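FYI, my numbering numbers position 13 of the sequence shown as 18, with every residue one higher than the one before it.
What follows is a single structure, written as structure tokens, with notes after it.
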Amino acid sequence: MIKSFSVTDIGKKRKLNQDFVYSSDEPVGNLPNVYIVADGMGGHNAGDYASKCTVETMIREIRSSFEKSPIRILSKAIRVANDQVRRKAREDEALFGMGTTVVVATCLGKYLQVANVGDSRLYIVNEEVRQITRDHSLVEEMVRMGGIDKEAAKNHPDKNIITRAIGARDTIEIDFFHEELKNGDLVLLCSDGLTNMLEDEEIGRILKSQSTIEERAGKLIEAANSNGGKDNITVIIIDVFAEEGRV
Numbered sequence: 006m007i008k009s010f011s012v013t014d015i016g017k018k019r020k021l022n023q024d025f026v027y028s029s030d031e032p033v034g035n036l037p038n039v040y041i042v043a044d045g046m047g048g049h050n051a052g053d054y055a056s057k058c059t060v061e062t063m064i065r066e067i068r069s070s071f072e073k074s075p076i077r078i079l080s081k082a083i084r085v086a087n088d089q090v091r092r093k094a095r096e097d098e099a100l101f102g103m104g105t106t107v108v109v110a111t112c113l114g115k116y117l118q119v120a121n122v123g124d125s126r127l128y129i130v131n132e133e134v135r136q137i138t139r140d141h142s143l144v145e146e147m148v149r150m151g152g153i154d155k156e157a158a159k160n161h162p163d164k165n166i167i168t169r170a171i172g173a174r175d176t177i178e179i180d181f182f183h184e185e186l187k188n189g190d191l192v193l194l195c196s197d198g199l200t201n202m203l204e205d206e207e208i209g210r211i212l213k214s215q216s217t218i219e220e221r222a223g224k225l226i227e228a229a230n231s232n233g234g235k236d237n238i239t240v241i242i243i244d245v246f247a248e249e250g251r252v
């Protein structure tokens, strides 16, 4: 039996939580489960509107889809959400320029299907910590092209500039990943409010601790806030093999 826990926290510095999280261990439409993290951006309430609108539109599309392929279901859901955010931004001047990241996953037995736009991340954690998604950010592009190294990227002044977002353009480019999970793997979806405050090694240490996934999620939030809590922090932890003796 798959088991998950999700939590979102405003952090220490922000007046508004622009993250939005959705987690269901039960089937949604033709998908056996769905997990989504969206991190909104935009002035006033535009960012939280963008993330909420994106997730709610995606869930509605997933529920009504007759497709069987998870990639097709997720792809259409993200594209419809992009169209919806663009339309709302055109209709309401207060929402102009809003956007959001999105990372979404569904587990089909021991296989994990992932899609992402932006710099919210998905990790698989066991003996090692593996970042599955690739950040769509200016700094990450610089790292990939060899302009700067990973160490310099951590404190780069442009690290918050993302190169892809829901709502940014009429057409959206989505990355897809397909991973086979093994016993002992934990899946983590999170916003950059976590990853900008904690090194991957610290995330791995907390996730590998002997406690419930609820407690581990709380420890991640607590650690990110202890390190500054400069942004909203959202976490989903998924234990795909919970029935095989994990807490």
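From the three backbone atoms N, C-alpha and C, an ideal C-beta is built for every residue, glycine too.
Note that the coordinates shown come from a computational prediction; the quantities given were computed from them, not determined experimentally.
Whole-angstrom distance between residue j and residue i, CA atom to CA atom
{"i": "residue 132", "j": "residue 204", "result": "16 angstroms"}
{"i": "residue 63", "j": "residue 107", "result": "10 angstroms"}
{"i": "residue 170", "j": "residue 57", "result": "14 angstroms"}
{"i": "residue 80", "j": "residue 168", "result": "19 angstroms"}
{"i": "residue 14", "j": "residue 45", "result": "14 angstroms"}
{"i": "residue 153", "j": "residue 38", "result": "38 angstroms"}
{"i": "residue 113", "j": "residue 184", "result": "10 angstroms"}
{"i": "residue 110", "j": "residue 40", "result": "5 angstroms"}
Classification of residue i by the beta-carbon crowding that lies within 10 angstroms, buried from 16 upward
{"i": "residue 99", "result": "exposed"}
{"i": "residue 54", "result": "buried"}
{"i": "residue 250", "result": "In this predicted model, residue 250 has a pLDDT of only 48, less than 50, meaning its place in the structure is not dependable enough to derive any value."}
{"i": "residue 141", "result": "buried"}
{"i": "residue 32", "result": "exposed"}
{"i": "residue 66", "result": "buried"}
{"i": "residue 25", "result": "buried"}
{"i": "residue 103", "result": "buried"}
{"i": "residue 121", "result": "buried"}
{"i": "residue 127", "result": "buried"}
Reduced DSSP category for residue i - H, G, I as helix; E, B as strand; rest coil
{"i": "residue 53", "result": "helix"}
{"i": "residue 103", "result": "coil"}
{"i": "residue 140", "result": "coil"}
{"i": "residue 243", "result": "strand"}
{"i": "residue 79", "result": "helix"}
{"i": "residue 95", "result": "helix"}
{"i": "residue 126", "result": "strand"}
{"i": "residue 24", "result": "strand"}
{"i": "residue 84", "result": "helix"}
{"i": "residue 19", "result": "coil"}
Beta-bridge partners of residue i, as assigned by DSSP
{"i": "residue 46", "result": "104"}
{"i": "residue 120", "result": "109 and 181"}
{"i": "residue 13", "result": "239"}
{"i": "residue 67", "result": "The partner list for residue 67 (beta bridge, DSSP) is empty, contrary to what the question assumes."}
{"i": "residue 74", "result": "BP columns for residue 74 are empty, so no partner."}
Any C-beta of chain D under 7 angstroms from that of residue i
{"i": "residue 128", "result": "You won't find chain D in this structure, because it holds only one protein chain."}
Discussion item. Give the list of continuous beta strand (DSSP E) stretches no shorter than 3 residues that lie fully inside the stretch 157 to 241.
Written reply: Listed in chain order, the beta strand (DSSP E) elements of length 3 or more contained wholly in the stretch 157 to 241 are 180 to 185 and 191 to 195.
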